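S.K.:
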Amino acid sequence: MDIKVVSTQPIEGQKPGTSGLRKKTRVFMEPHYLENFVQSVFDAIGGAGGKTFVVGGDGRYFNAEAIQTILRMAAANGAAHVIAGRGGLLSTPAASHLIRKNATDGGLILSASHNPGGIDEDFGLKFNIPNGGPAPEGVTEAIFAATKNIGQYRTLETPDIDLDALGEQKIGDMVVSIVDPVSDYAALMQELFDFGAIKDLLASGFRLRFDAMHAITGPYAKVILEEMLGAPAGSAINATPSVDFGGGHPDPNPAWAKELMAELMSDEGPDFGAASDGDGDRNMILGRNFYVSPSDSLAVLTANAHLAPGYANGIAGVARSMPTSCAADRVAQDLGIECFETPTGWKFFGNLLDAGRATICGEESFGTGSNHVREKDGLWAVLLWLNILAKKRCSVADLVQEHWKKYGRNYYSRHDYEALPKADASDLMDRVAGQLDTLPGKSFAGQVVDQADSFGYEDPIDGSKSSNQGLRIRFNNGARAVFRLSGTGTEGATLRLYIEHLETDPVRLTQDVQSALSLVIAAAHEIAGIGRLNRSGPDVIT
Ligand code: G1P
Ligand code: ZN
């Protein structure tokens, strides 16, 4: 084996964000860019020597080329074995499962999640640790530090391997196992859910539509929903992964999953609709003429998870990211289980899941998952919903409305202002931060501030601390506004304003969301001076 040691220099800005390193594809394609980062990952984890890794991605532009580079570098760094998905494909949750199932030393997942793909769009790479979850901050900081010190990387001069050939091949001394990306994951789903009950539901005329958005979940949905559960062929749409996701944003929300929304928001629509994102970890759930907000979905799943065999003994606890609505908190209270509020990003759930303190976790950003893997999981959420509906035999709308009657409804919305000049965004955050101490007692749009702070988190398992995780303003009627800057954007800065208001009056549970929140929105605008951004409105409202 002829190892090539290539001299290089640190490249600025290789700092992993909310979910790994995300950059424009062309940036990743620049000389040494990918190599520097991969070598830094290996250096930060004490070398790759003798180790086993899982490698796969969401199939976006540059996926296959980047995997060939990673394989050569892994071999040159002494790795013993890499398990890769056929065609270089693995959904993020399936990668997490393979990392765990094979007791590996971690994995490299290539994805920019819901961001568009293509040579002029986005690419990403993240390292997951042996528990299957995204590297925690200690590890990402070590990776970033390594990127600032790098002087050389190791690779081989070998031809590309055939990523489509199932079975074992060798690169230098390293074994590469190419595996079917779907089968192990599908087997795990079959253990967790009552496939018989879901099959009966689908056979009874219950119609479902799943939109894979031209991304990774297409092959998974075809096998699980159509072949194993018997949904009619064509129930999964846009099910062939493409390098640019059909030119769209593979982001399962009402703004981007327009085709699915149009079909479901009709009296003749299917009973159930769902979509997943670029790498398969997000989900959106719809009923006929009914949209389920992700925060409500988390609460409904928490309340009903015991109907699925994998959770029949109940759940230990629920965790949500801070900006996610408090709907799950009241379910936790009712069930007498623990409820955790963590910073944004799935990595903060890892310790709670490992310690058995949380079983189900969720984020307002269309992410839900459980202790079966260490990532959020789009198809898992779809199957848990189907399992619950199969047992309850009611509509999505009835299930959620009954939930609101019991627990109240947390009206909730997120307003995103995208690609802002960085200075404008940080001025706004400074403006709000500067007022935190003096806000309590003041009134805005008729609402009095009760508490205001900058969210900090101390991990209850390992005591690690994370500060500056968003600015929270609570009003004395229980309403809440949260300001945060995105950690995944690749252009300028993205401001996220999260607004929430709890309604318990049974006759006020079905108002229009934006109208129900209008006073809290007005108060948030006044406090932050959002008018000074010179935008006519948010770019995306979810
Ligand atoms: C966004 C979401 C966050 C999610 C992350 C990765 O991060 O808000 O909940 O974990 O994408 O999917 P943000 O851009 O807000 O930092
Ligand atoms: Zn994703």
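Using the numbering used here, the letters of the sequence shown correspond one by one to residues 5 to 546.
All C-beta atoms in this analysis are idealised placements derived from N, C-alpha and C, irrespective of residue type, glycine included.
This one's a predicted model, so the numbers in the text were calculated from it and none came from an experiment.
(1) Using three-state DSSP, classify threonine 346 as helix, strand or coil.
(2) Would you say leucine 75 and isoleucine 175 are within 8 Å of each other, going by their C-beta atoms?
(3) Given that a residue counts as buried once 16 or more other Cβ atoms are within 10 Å of its Cβ, and exposed if not, what is proline 425?
(4) Decide if valine 9 is buried, meaning its Cβ has at least 16 other Cβ atoms within 10 Å, or exposed.
(5) Let's test the definition: count the other Cβ atoms within 10 Å of the Cβ of threonine 514 and tell me whether it reaches 16, buried, or not, exposed.
(6) Looking at aspartate 164: is its Cβ nearer than 8 Å to the Cβ of threonine 29?
(7) Do phenylalanine 487 and valine 453 come within 8 Å of each other at the CB atom, strictly closer than that value?
(8) Is the CB-CB distance between glutamate 39 and methionine 5 below 8 Å?
(9) Can you tell me whether DSSP reads glutamine 515 as helix, strand or coil?
(10) Pick from Arg476, Ile392, Cys330 and Asp463: whose alpha carbon is nearest that of glycine 200?
(11) From what residue to what residue does the beta strand (DSSP E) around histidine 529 run?
(12) Within a Cβ cutoff of 7 Å, which residues of the same chain sit near alanine 235, ignoring the five residues on either side of it in sequence?
(13) Got a sec: does ligand 2 put a non-hydrogen atom nearer than 7 Å to the Cβ of glycine 282?
(14) Check for me: the beta strand (DSSP E) holding phenylalanine 294 runs from which residue to which?
(15) Residues bridged to threonine 159 by DSSP?
(16) Inspect the beta-carbon positions of leucine 94 and aspartate 188 and report whether they are closer than 8 Å.
(17) Taking all protein chains shown into account, decide if arginine 512 is buried (16 or more other Cβ within 10 angstroms of its Cβ) or exposed.
(18) When the Cα of glutamine 13 is compared with those of Lys380, Ile123, Ser44 and Pro245, which residue comes out closest?
(19) If you compare alpha carbons, which of Ala243, Phe294, Phe197 and Leu233 is closest to aspartate 215?
(20) Span of the alpha helix (DSSP H) holding arginine 90?
(21) Going by CA-CA distance only, name the one from Lys469, Ala359, Ile364 and Gly360 that's closest to proline 347.
(22) Just checking my contact of histidine 218 with histidine 118 at CB under 8 Å: how many whole Å lie between their CB atoms?
(23) Straight-line CA distance for methionine 433 to tyrosine 416?
(24) My assumption, with CB atoms under 8 Å, is that glycine 412 sits in contact with glutamate 507. Please give the rounded CB distance.
(25) Which parts of the segment 50-133 are runs of the beta strand (DSSP E), unbroken and 3 residues or longer, counting only runs that do not cross its ends?
(26) Whether or not the segment 261-274 and the segment 287-300 are in contact is what I'm after, with contact meaning three or more pairs of Cβ atoms, one per stretch, closer than 8 Å; do they touch?
(27) Would you tell me roughly how many angstroms separate the C-alpha atoms of glycine 110 and alanine 146, rounded to the nearest one?
(28) Since isoleucine 465 and leucine 537 should fall inside the 8 Å C-beta cutoff, what is the C-beta to C-beta distance between them, to a whole number of angstroms?
(29) May I ask you to verify whether the segment 376-393 touches the segment 296-312, counting CB pairs closer than 8 Å and requiring at least 3?
(30) By the 10 Å Cβ neighbour count, where 16 or more other Cβ atoms means buried, how is glycine 238 classified, buried or exposed?
(31) Helix, strand or coil for histidine 218, going by three-state DSSP, please let me know.
(32) Can you tell me whether serine 117 sits near ligand 2, meaning its C-beta is under 7 Å from at least one heavy atom of the ligand?
(33) Could you pull out every residue in the same chain whose Cβ sits closer than 8 Å to the Cβ of glycine 284, ignoring the five residues on either side in sequence?
(34) Compute the Euclidean distance between the alpha carbons of proline 120 and alanine 359, then round it to the nearest angstrom.
(35) So is the beta-carbon of aspartate 285 under 7 Å away from any non-hydrogen atom of ligand 2?
(36) What's the C-alpha gap between alanine 52 and asparagine 153?
M.R.: The relevant details are as follows:
(1) Within the sequence shown, the letter at position 342 stands for residue 346. Here threonine 346 sits in strand by DSSP.
(2) Within the sequence shown, residue 75 is the residue found at index 71, counting from 1. Within the sequence shown, residue 175 is the residue found at index 171, counting from 1. Yes. Within cutoff.
(3) Taking the first residue of the sequence shown as 1, we reach residue 425 at position 421. It is exposed - the Cβ of proline 425 has fewer than 16 other Cβ atoms within 10 Å.
(4) Along the sequence shown, one-based indexing puts residue 9 at 5. Exposed is the call here.
(5) Counted from its first residue, the sequence shown places residue 514 at position 510. Classification of threonine 514: exposed, given that the 10 Å Cβ count is below 16.
(6) Within the sequence shown, numbered from 1, the residue matching residue 164 stands at position 160. Within the sequence shown, numbered from 1, the residue matching residue 29 stands at position 25. Against a cut-off of 8 Å, the Cβ pair of threonine 29 and aspartate 164 comes out as no contact.
(7) The count along the sequence shown starts at 1 and reaches residue 453 at position 449. The count along the sequence shown starts at 1 and reaches residue 487 at position 483. No.
(8) As a working note, residue 39 is residue 35 in the sequence shown. As a working note, residue 5 is residue 1 in the sequence shown. No, they are not a contact pair.
(9) As a position in the sequence shown, residue 515 is number 511, starting the count at 1. In this structure, glutamine 515 counts as coil in the three-state DSSP scheme.
(10) Counting from 1 along the sequence shown, the entry for residue 200 is found at position 196. Selected option, being the one with the closest Cα: Ile392.
(11) For the purposes of this step, residue 529 is taken as residue 525 along the sequence shown, with counting starting at 1. It is not in any beta strand (DSSP E) - histidine 529 instead sits in the alpha helix (DSSP H) that spans 522-532.
(12) As a working note, residue 235 is residue 231 in the sequence shown. Excluding sequence neighbours, alanine 235 sits near Leu206, Leu212 and Leu229.
(13) Within the sequence shown, residue 282 is the residue found at index 278, counting from 1. Yes.
(14) The sequence position of residue 294 within the sequence shown is 290, counting from 1. Taken as a continuous stretch (DSSP letters only), the beta strand (DSSP E) holding phenylalanine 294 covers 294-296.
(15) In the sequence shown, the residue the question calls residue 159 occupies position 155. Answer is Lys8, bridged to threonine 159.
(16) Here residue 94 corresponds to residue number 90 of the sequence shown, with the count starting at 1. Here residue 188 corresponds to residue number 184 of the sequence shown, with the count starting at 1. No, the Cβ-Cβ distance between leucine 94 and aspartate 188 is not below 8 Å.
(17) In the sequence shown, residue 512 corresponds to position 508, counting from 1. Classification for arginine 512: exposed.
(18) Counting from 1 along the sequence shown, the entry for residue 13 is found at position 9. Cα-wise, what sits closest to glutamine 13 is Ser44.
(19) Against the sequence shown, residue 215 aligns to sequence position 211. Cα-wise, what sits closest to aspartate 215 is Ala243.
(20) Counting from one through the sequence shown, the residue named residue 90 turns up at place 86. Segment 85-93 is the beta strand (DSSP E) holding arginine 90; no alpha helix (DSSP H) there.
(21) Locating residue 347 in the sequence shown gives position 343, counting from the first residue. Measuring from the Cα of proline 347, the nearest candidate turns out to be Lys469.
(22) Translated into positions along the sequence shown, residue 218 becomes position 214. Translated into positions along the sequence shown, residue 118 becomes position 114. Their Cβ separation, rounded to whole angstroms, is 12 Å, which puts histidine 218 and histidine 118 out of contact at 8 Å.
(23) The residue given as residue 433 occupies position 429 in the sequence shown. The residue given as residue 416 occupies position 412 in the sequence shown. Computed Cα separation, rounded: 21 Å.
(24) Position 408 of the sequence shown holds residue 412. Position 503 of the sequence shown holds residue 507. Confirmed, about 6 Å.
(25) 56-61, 85-93, 111-114 and 126-132
(26) yes
(27) Taking the first residue of the sequence shown as position 1, residue 110 is located at position 106. Taking the first residue of the sequence shown as position 1, residue 146 is located at position 142. For glycine 110 and alanine 146, the distance between alpha carbons rounds to 15 Å.
(28) Taking the sequence shown and counting its residues from 1, one reaches residue 465 at position 461. Taking the sequence shown and counting its residues from 1, one reaches residue 537 at position 533. Their Cβ separation, rounded to whole angstroms, is 39 Å, which puts isoleucine 465 and leucine 537 out of contact at 8 Å.
(29) yes
(30) Residue numbering aside, residue 238 sits at position 234 when the sequence shown is read from its first letter. By the 10 Å Cβ count, glycine 238 comes out exposed.
(31) Working through the sequence shown from its first residue, we reach residue 218 at position 214. Coil at histidine 218, not helix or strand.
(32) On the sequence shown, position 113 is the one that residue 117 refers to. Within the cutoff, so yes.
(33) The count along the sequence shown starts at 1 and reaches residue 284 at position 280. Correct list, in chain order: Asp62, Ser95, Thr96, Pro97, Ala98, Ala219, Ile220, Thr221, Tyr224, Asp381, Gly382 and Leu383.
(34) Walking along the sequence shown from the start, residue 120 turns up at place 116. Walking along the sequence shown from the start, residue 359 turns up at place 355. Cα to Cα, proline 120 sits roughly 35 Å from alanine 359.
(35) As a working mapping, residue 285 is identified with position 281 in the sequence shown. Answer for aspartate 285: yes, Cβ within range of ligand 2.
(36) Position 48 of the sequence shown, counted from the first residue, corresponds to residue 52. Position 149 of the sequence shown, counted from the first residue, corresponds to residue 153. One C-alpha to the other measures close to 18 Å.
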